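Report on one structure; see the data block that follows.
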Amino acid sequence: MIIARTADEVRAAVTGEVAFVPTMGALHEGHASLVRLAVGFGGPVVVSDFVNPTQFGPGEDFERYPRDLDGDAAIAAAAGADVLFAPAVDEVYPAGFETAVDPGPLGDELCGATRPGHFRGVATVVTRLYGLVGPTRAVFGRKDYQQLILMRRVARDLALGVEVVGAPTVREPDGLALSSRNRYLDAAGRERAAQVPAVLRALAGAYADGARAEADLRAETPTDGLDLEYLELRDAELGPHDPDRPAVALIACRVGATRLIDNVLLDPADPDRAAHELAAKEPA
Ligand code: PAF
């Protein structure tokens, strides 16, 4: 694997059907699973490692976001990436860069309601990175479900020629979704964070038992003690919930200063799946 700093270096290193895994670094096993999925497409795999300033709001964690290029390189290489693209800010946003990609009203809902401009920053950097890397596929984790849906729409609406692929969430044995931000949690925070998958587990259990209406599902899902930003039920495309169609339950909350998000897909054709996915496992 090579570490590229410029788009020219990326383009010189890979040709053909490139699969792209955009990341902000601080890689963990969840990212490694995205890279392995990308490798499975058979072409070269480029992983970007860029902490994008335009998707952080004032007072968010841009400055302290974990940065560890050597650790990232080791994880990306072990997972089979061909290129780790770690550009400087002016490679992504050169002097005179003024364009932004607005992902539409869904970008202001859910996480966008408390992070104004966040998804505009994500859509802009991802579109720019596509331009620099030239992929035919891009792999995003389902953990960031709203991001995945929005990036699919952006690719479709702007006819970018990139197929957006969603990858399953990787979890700790107690169900906590892997996230770069988990490393902010101290021991007490880590214990409290386990409540996030526990809430989704309760909801998935109620779904498996036949509850479908939002009020019934919520009644079975206590969130006491959680600093909840939202717990919402939507259809799988993030439109209004329809009890007869595949749905997604999405949660965002704070554990101390750390913001955690998670979600689970609820499929009427396979109502037990969500509960299985979230079941706590024996530690390895
Ligand atoms: O999910 C992330 O890590 C970021 O939002 C992304 C897609 C790499 C854009 O900066």
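For the sequence shown, position 25 matches number 24 in numbering that gives the first Met the number 0, and the numbering has no gaps at all.
Even glycine gets a Cβ: it sits at the ideal position worked out from N, Cα and C.
Note that the structure is a prediction, hence the values are computed from the model and not measured.
- Between G106 and F118, the C-beta gap is smaller than 9 Å, which places the two residues in contact.
- Annotated three-state conformation of D7 is helix, per DSSP.
- Under a 10 Å Cβ-count criterion, D143 is classified as buried, with 16 or more other Cβ atoms of the shown protein chains found around its own Cβ.
- Runs of the beta strand (DSSP E) spanning 3 or more residues and lying entirely within the region 78–134 occur at 82–84, in chain order.
- Burial state of A154 is buried, judged by a 10 Å Cβ sphere holding 16 or more other Cβ atoms.
- The C-alpha of D241 lies about 44 Å from the C-alpha of E90.
- Counting along the chain, L177 sits inside no beta strand (DSSP E), nor does DSSP assign it H or E at all.
- Taking 9 Å as the cut-off, the Cβ atoms of L26 and D71 count as close.
- Exclusion of the five residues before and after T22 leaves H30, V46, S47, D48 as the residues of its chain whose Cβ lies within less than 7 Å of its Cβ.
- The Cβ neighbour count for G174, taken over all protein chains shown within 10 Å, is at least 16; the residue is labelled buried.
- Two segments are said to touch when three or more pairs of C-beta atoms, one from each, lie closer than 8 Å; by this definition the region 67–86 touches the region 4–19.
- Secondary structure note for A218: its alpha helix (DSSP H) is the uninterrupted segment 213–218.
- Following the DSSP letters along the chain, one finds Y206 inside the alpha helix (DSSP H) bounded by residues 194–207.
- Judged by the Cβ position, V100 fails to qualify as a neighbour of the ligand PAF at the 8 Å threshold, every heavy atom of the ligand being at least this far.
- Taking C-beta atoms under 8 Å as the contact rule, Y183 and V161 fail to qualify, at a distance of about 31 Å.
- In terms of Cβ geometry, L277 and L199 form a close pair [threshold 9 Å].
- With contacts defined as CB atoms closer than 9 Å, A203 and A273 qualify as a contacting pair.
- Where R35 is concerned, the enclosing alpha helix (DSSP H) starts and stops at 28–38.
- Shown here, D156 sits in a helix according to DSSP, grouped into three states.
- L237: not part of any alpha helix (DSSP H); DSSP gives it neither H nor E.
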